[in-house]
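Novice: Just so we're aligned, residue 355 is where the sequence shown starts under the working numbering, counting upward by one. The following block contains the structure, expressed as structure tokens.
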Amino acid sequence: DMGDFVGGMLKYLRRHPVPRLTIAGGFGKMVKLAQGHGDLHSARSQVDFGRLASMAGDHGLDG
């Protein structure tokens, strides 16, 4: 359900801030969120694997 609601949650929080927020989700959904997608459903957003590899390389990961 995270994919259906995270974008709306972030829009709501922009208008109604909270002191601290913890977001949990699967790896793919968290990557999509980090890449700026608001709708994380598999039919409506995709992981940019090239960008993911670049980000990993920036942090010393290779492979």
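By construction, the Cβ of each residue, glycine as well, lies at the ideal position given by its N, Cα and C atoms.
Quick test of the definition: if touching needs 3 or more C-beta pairs under 8 Å, does the stretch 359-374 touch the stretch 384-401?
Specialist: yes
Novice: How many angstroms separate the CA atom of F403 from the CA atom of G380?
Specialist: 16 Å
Novice: Using the rule of at least 16 other Cβ atoms within 10 Å of the residue's Cβ for burial, across every protein chain shown, is L387 buried or exposed?
Specialist: buried
Novice: Note down, in chain order, each residue of its chain lying with its Cβ closer than 8 Å to the Cβ of D416, except the 5 sequence neighbours on either side.
Specialist: A410
Novice: Count the other CB atoms, across all protein chains shown, that sit within 10 Å of the CB of L383; report buried if there are 16 or more and exposed otherwise.
Specialist: The sequence as given places Lys at residue 383; Leu does not occur at that position. The residue in question, K383, is buried, as its Cβ has 16 or more Cβ neighbours within 10 Å.
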